[in-house]
Amino acid sequence: MTRHEEQGDTGRRTGRRSTALRIAGLTLTGTLALAVAAAGWAYWHLNHNITSVDIDSALGDDRPARAMLTPAPAASADGPPVPTGSLNVLVLGSDSRSGEANRELGGGDSEGARSDTAMVVHLDAGRTTATVVSIPRDTLVTRPSCPLDSGGASAPAYGVMFNSAYAVGGPVCAVKTVETLTGVRMDHYLEIDFSGFARLVDALGGVDVTTGQDIDDDQSHLHLAAGTHHLDGAQALALARTRHGIGDGSDLGRIGLQQTLVKALLEQVADAGLLTDPARLYRVADAATAGLTTDTGLDSLGELMSLGRSLEGLTADRVTTVTMPVVTAPSDPNRVIPEEPRASELWASLR
């Protein structure tokens, strides 16, 4: 082989390596571009899952005072500062029948919605402990005048069921009624509907719940023997809605099951290993935001992530669940009213 032929072979090999490197570089660049685009789309999609209501603008200044704010911590190498002040969040479970998924899970027609689950979540300063206070939907309350989306305002009403506030004026009236009842400012609002809750539980891989008694409720389609059960989304939703198959069939029995379910979900989130499984993390985030309505202070993925980061030290065993103290209403044995002074003392402890 001549020197000219050897140089030709070397040139061809060098050219092939150069071509291969260019192809690999283009492939890597394309892969990175697709990854960035996918991440951008995922962020956009999760952001647009969230529905929000401007509660602060609707209610104005005629509200309980905000809690004293603690100074914001300085930013660290790990990212922006994480809020640590105390916080009160009204969490509602909506039985909206809008959408096929909600109708399949809840039945009924597509008109209107109610808030059969209402919890005030109080995060203590430092956000490593919390108190969850359930408000029975059957509580007779004073429903204040509330601004309406259609314009004007609803008339005040006295001795009406607590969950009528949401039916009359949606999230804005629910918040105003809770603040009138408790004297506590709601810093944020979170609402999740039937299908959103069921999807969230399924995305987490189900949830383990222990019941202390048999549950036999044809209306919620839930039949469980006493003991520990692994529930999927539809079963967990049925547990949260069950009232006729336990105790005296009142809302108070259902609240006990809901509180058990809340703690079980906190434990499941902690054990899910979401940070080491990006695909599962996305599924959970998609499920959590798809059925979510918030106030405008929590209506972006960034704001929800900031709230989540602030709760990293909060574990299920540091969450106390209670029910607002109530007694049977003198006017109706099927309704309850706040038991005083215990109810007022409870709310005062959260201010």
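Note that the working numbering has the sequence shown beginning at 1, numbered continuously upward. Glycine included, C-beta positions come from ideal geometry on N, C-alpha and C. Note that the structure is a prediction, hence the values are computed from the model and not measured.
- About 6 Å separates the beta carbon of Thr128 from that of Leu314, a gap short enough to meet the 8 Å contact definition.
- In summary, Thr289 is buried, with 16 or more beta-carbon neighbours lying within 10 Å of its beta-carbon over all protein chains present.
- Along the segment 129 to 213, the alpha helix (DSSP H) occurs as fully enclosed runs of 4 or more residues at 164 to 182, 194 to 203, listed in sequence order.
- DSSP, reduced to helix, strand and coil, places Pro83 outside both helices and strands of the structure shown, so it counts as coil.
- With fewer than 16 other Cβ atoms inside 10 Å of its own Cβ, Thr228 counts as exposed.
- The Cβ neighbour count for Pro330, taken over all protein chains shown within 10 Å, is under 16; the residue is labelled exposed.
- Straight-line measurement puts the Cα of Gly159 at about 5 Å from the Cα of Leu140.
- Between Ile55 and Tyr166 a beta carbon distance of about 13 Å is seen, past the 8 Å cut, so the two are scored as non-contacting.
- The continuous beta strand (DSSP E) containing Ser115 extends over residues 115 to 123.
- Around the C-beta of Gln235, 16 or more other C-beta atoms lie within 10 Å, and the residue is accordingly described as buried.
- With 16 or more other Cβ atoms inside 10 Å of its own Cβ, Gln258 counts as buried.
- Taking a contact to require three or more Cβ pairs closer than 8 Å, the segment 143 to 155 and the segment 164 to 183 qualify as touching.
- Between Val184 and Leu346, the gap from beta carbon to beta carbon reaches 7 Å or more.
- For Arg127, no alpha helix (DSSP H) segment is defined, and its DSSP state is neither H nor E.
- Spatial neighbours of Leu200 in its own chain (CB-CB distance under 6 Å, excluding positions within 5 residues in sequence) are listed in chain order as Ala287, Ala288.
- In this structure, the CA atom of Thr242 is about 8 Å from the CA atom of Leu222.
- Taking the Cβ atoms as the reference, Val336 lies roughly 6 Å from Pro136, within the contact range of under 8 Å.
- Fully contained in the segment 231 to 277 are the following alpha helix (DSSP H) runs of length 4 or more, in chain order: 233 to 241, 251 to 271.
- A straight line joining the alpha-carbon of Glu179 with that of Asp299 spans about 21 Å.
- Distance from the Cα of Gly93 is smallest, within the candidate group Thr84, Ser115, Thr328, for Ser115.
- If one requires a minimum length of 4 residues, the alpha helix (DSSP H) runs lying completely within the segment 271 to 340 are 278 to 290, 301 to 310, in chain order.
- In the DSSP assignment, Leu350 falls outside any alpha helix (DSSP H) and carries neither an H nor an E.
- DSSP places Ile215 in the strand class (E or B) of the three-state scheme.
- Take the alpha-carbon of Met305 and the one of Asn47: they are about 11 Å apart.
- With a contact defined as Cβ atoms closer than 8 Å, Met324 and Ala343 qualify at about 6 Å.
- Taking 8 Å as the upper bound for CB-CB distance, Ser310 and Pro64 are not in contact here, some 22 Å apart.
- Judged by beta-carbon spacing, Gly297 lies beyond the 7 Å limit of Ser195, meaning their Cβ atoms are not closer than that value.
- Between Ala316 and Lys263, the CB-CB gap stays under 7 Å.
- Scanning Asp187, Ala279, Thr210 for the CA closest to the CA of Val121 turns up Asp187.
- The three-state reading of DSSP puts Ser220 in coil, since its state is none of H, G, I, E or B.
- Going by DSSP, Ala65 is part of no alpha helix (DSSP H) at all; its letter is neither H nor E.
- Less than 7 Å separates the beta-carbon of Ser86 from that of Ala125.
- Between Ile255 and Ser134, the gap from beta carbon to beta carbon is short of 7 Å.
- Cβ contact annotation for Ser52 (same chain, cutoff 6 Å, sequence separation greater than five): Thr294, Thr296, Asp299, in chain order.
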